[in-house]
Every structure is written in structure tokens, then in C-alpha cells.
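Chains as they are written, first to last, in our numbering: chain P, 25 to 251; chain G, 2 to 136.
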């Protein structure tokens with residue numbers, strides 16, 4: 025089975041009050057194609073930073089990060105942007121949607137960036153809206169949707185480019201458990217239907233019931249735990 | 002692709018509250034400039050216009066940051082981000098510039114002075130704002 029993510033000896037520092045603090049300490053991670061990885065840890069443990077590095081939104085201070093064979097250290101900003109329109113999709117905790125845009129318009133953004141013609145864009149968007157059960161919401165502005173619906177729109181926007189790696193940052197943090205469960209079941213369905221590799225980070229241990237491999241990130245140190 | 006993004010950014014900018022303030026301000030500026038024709042009034046109004054543009058951008062700050070963040074998140078290149086910010090900001094200057102231009106037609110003697118000051122100020126300000134947002 026091929027590796028989608030290879031992280032070796034990753035270190036990341038932040039400067040706080042003039043001194044440098046290590047947020048990620050010698051992180052090593054191998055993710056195989058088709059896996060659902062769950063990373064659990066308390067707030068401030070470095071979960072979001074790790075995910076942002078994998079998405080090419082932040083750069084590591086040292087160490088190697090390889091996603092789908094691309095060494096992210098060797099890519100410039102344009103290369104990392106290209107990676108996010110083709111291979112990696114990142115779902116932020118706050119959904120990362122434009123409130124004043126409709127569901128359709130939000131999902132359309134990545135397709136505009138890759139320059140897809142209008143007819144193909146429309147087909148792709150309707151396919152994904154049908155898959156996510158959001159067809160009846162296409163003309164509704166995102167600001168009028170519930171948290172669960174916003175999360176589904178965010179996932180739909182991520183899926184519309186059919187990425188091989190999906191990164192979800194605290195996908196259940198703003199949801200009640202019923203809605204959270206639906207979102208996690210949706211990730212499992214996506215994993216089966218699209219063969220998408222998924223990495224979920226969460227401070228909620230219940231999320232770990234829905235993954236194939238579990239890790240704990242505590243104080244910048246990543247450790248695998250047995251299921 | 003670029004045309005669609007330009008149109009989306011332009012429409013989004015026009016629909017923001019700050020832009021509505023700018024349009025109202027432009028109309029009132031035009032009326033004021035037509036009623037009181039003097040260099041001093043022109044310069045004071047110019048200063049107020051610049052403040053108004055800054056205020057309008059600050060009032061829409063959350064929206065512009067959200068807009069740019071989402072584009073960045075889904076993989077927009079730096080050139081596209083720069084373009085969307087510029088399109089977001091420029092209509093605000095255009096709106097006031099149109100009001101000035103119409104008002105200046107009736108006072109051609111002041112045109113070179115006011116026009117050059119306005120253009121230089123607008124360019125400097127837009128560069129500062131764009132650079133600030135990009136950082």
C-alpha cells in the first residue's frame with residue numbers, strides 16, 4: 025500500500041515574548057492510502073499546526089514533509105497553492121466559508137481557481153450537492169445555515185476537487201453529538217466511496233471511535249496508540 | 002477563470018456596508034462641491050474622502066479578511082489574492098473619483114491641482130492597504 029503522507033523529524037517553533045517555543049517536537053508520521061487517522065490532543069498541543077503544515081499553509085522549521093510524493097519543503101508558495109487545488113483539502117474548525125456567498129458559490133471557488141469551464145463546474149457542483157444531500161440548499165446563503173449544514177458545505181467544497189488527502193480540523197467542535205456523529209459517519213462514507221485518505225484532529229476522544237489508526241499529540245510529541 | 006473571480010470580487014465589494022457608505026458620501030460630496038466652489042473646500046473634501054475610504058475598508062475588514070482567507074485556503078495563488086484585494090478596494094476610490102470628476106467639470110481651473118493630489122493620494126493609500134492586508 026502506497027504512502028500518502030510521510031513526516032520525518034518535523035519541528036516547528038513559535039516566537040512568544042522574545043523566546044522560541046517548540047510547538048511540534050520531532051514528529052514522525054506515516055499515513056497509508058485509504059486510512060482514516062485520528063489525532064487527539066488538548067488545546068494548544070500543536071494539532072492545528074501539524075494539519076496546516078500538511079496542507080501547505082505553514083512551513084516546518086526543520087524536518088521533512090512529503091505528501092503524495094511532493095516534498096513540501098521544496099515547493100514555493102505557488103506550488104503549495106497548486107497542491108491545495110489538486111491533492112490536499114483542508115477543512116478548518118470555523119468551516120472556512122464566505123458567509124455572504126450561497127452554498128453553490130462557496131463550492132464553486134476551488135473550481136474557479138483550477139479554471140474549469142462553467143458547464144463542468146455546474147455538473148461537479150450538482151454531483152457533490154446530491155452526494156451530500158445539499159441540493160435543496162444550493163441558493164441559500166451560508167450565514168443562514170446551521171452548524172451541521174455549514175460543516176457539510178465545507179466538506180462538499182473540499183471534496184469537489186476530489187483530493188486524495190482530506191484534513192479536518194476539529195470537525196465536531198461546534199456540533200452536538202448527534203450532528204457530530206453524522207459528520208464522522210460521512211467521513212467514513214467518503215473514505216469508502218472516494219478512497220480518500222483522511223486525517224482528523226480533535227480534542228474529543230469520541231471521534232477516535234470512527235478512525236482506523238489513533239495518535240495522541242501532547243505537548244508537541246506525537247505517539248501512536250493501540251485501538 | 003479570472004473574469005469570474007474579478008466579477009465575484011467586484012460584486013462582493015459592492016454589496017458590503019462600507020461601500021454603501023462610500024456611495025452615499027460620494028453623492029453628498031458631489032452636491033457639496035457643486036455648491037461651494039473653492040480650492041479650500043476641494044482640499045478639505047479630499048481629506049475627508051480619504052478618511053471615508055479608510056473607514057469603509059475598516060468597516061468591511063472582517064469580510065475582506067474572510068474572503069481572502071477562503072481563497073488562500075482553497076489554493077489561490079498570490080497573484081489572484083492581490084487581484085481580489087485590489088478589486089475589493091478600488092471601487093471605493095472610483096466612486097469618490099466620479100463625484101469629484103463631475104464636480105470639477107464646472108471648475109476647470111482647479112482640475113490639475115485636485116486631480117493630481119487625488120490620484121497620488123489614492124495610489125499611496127491603496128498600496129499601503131494592499132500591502133497591509135497581504136502581510
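All C-beta atoms, glycine included, are put in the ideal place defined by N, C-alpha and C.
Note that the structure is predicted; figures quoted are calculated from it, not measured.
- Secondary structure at residue 83 (chain P): coil, using DSSP grouped into helix, strand and coil.
- Where residue 215 (chain P) is concerned, the enclosing alpha helix (DSSP H) starts and stops at 201–218.
- Under DSSP, the beta-bridge partners assigned to residue 191 (chain P) are P:114 and P:223.
- For residue 239 (chain P), the CB contacts under 8 Å within the same chain, skipping 5 residues up- and downstream, are 53, 61, 62, 63, 64, 246, 247, 248 and 249 in chain order.
- The CB of residue 193 (chain P) never comes closer than 9 Å to any CB in chain G; the least such distance is about 11 Å.
- The beta-carbon separation of residue 5 (chain G) and residue 136 (chain P), rounded to 5 Å, stays under the 8 Å limit for a contact.
- Burial state of residue 33 (chain P) is exposed, judged by a 10 Å Cβ sphere holding fewer than 16 other Cβ atoms.
- Nearest CB-CB separation between residue 123 (chain G) and chain P: not below the 8 Å threshold.
- In the DSSP assignment, residue 248 (chain P) falls within the unbroken beta strand (DSSP E) covering 245–249.
- In this structure, DSSP gives residue 105 (chain G) a helical state, which the three-state scheme calls helix.
- Look at the segment 153–184 of chain P: the residues with a C-beta under 9 Å from a C-beta of chain G are 181 and 182.
- Here the alpha carbons of residue 110 (chain P) and residue 34 (chain G) stand approximately 53 Å from one another.
- For residue 36 (chain G), the uninterrupted alpha helix (DSSP H) segment begins and ends at 18–36.
- Of the residues P:173, P:49, P:206 and P:55, the one whose Cα lies closest to the Cα of residue 119 (chain P) is P:173.
- Interface annotation, residue 187 (chain P): not in contact with chain G, CB-CB separation never under 8 Å.
- For residue 61 (chain P), the enclosing beta strand (DSSP E) starts and ends at 60–64.
- A straight line joining the alpha-carbon of residue 38 (chain G) with that of residue 56 (chain G) spans about 26 Å.
- Residue pairing from DSSP places residue 44 (chain P) in a beta bridge opposite P:39.
- Against chain P, the CB of residue 24 (chain G) has no partner CB under 8 Å away; the residue lies outside that interface.
- Taking a contact to require three or more Cβ pairs closer than 8 Å, the segment 92–105 of chain P and the segment 69–78 of chain G qualify as touching.
- Rounded to whole angstroms, residue 93 (chain P) and residue 28 (chain P) show a C-alpha spacing of 7 Å.
- For the pair residue 48 (chain P) and residue 73 (chain P), the CB atoms are nearer than the 8 Å cut-off.
- Under the three-state reduction of DSSP output, residue 99 (chain P) falls in the coil class, being neither helix nor strand.
- Residue P:50 holds the alpha-carbon nearest to the alpha-carbon of residue 242 (chain P) among P:165, P:26 and P:50.
- Listed by position along chain G, the residues whose Cβ is nearer than 7 Å to that of residue 105 (chain P) are 76, 77 and 78.
- Around the beta carbon of residue 244 (chain P), 16 or more other beta carbons lie within 10 angstroms, which makes this residue buried.
- If you draw a 10 Å sphere on the C-beta of residue 13 (chain G), you find 16 or more other C-beta atoms in it, and that means buried.
- One alpha carbon belongs to residue 90 (chain G), the other to residue 74 (chain G), and they sit about 21 Å apart.
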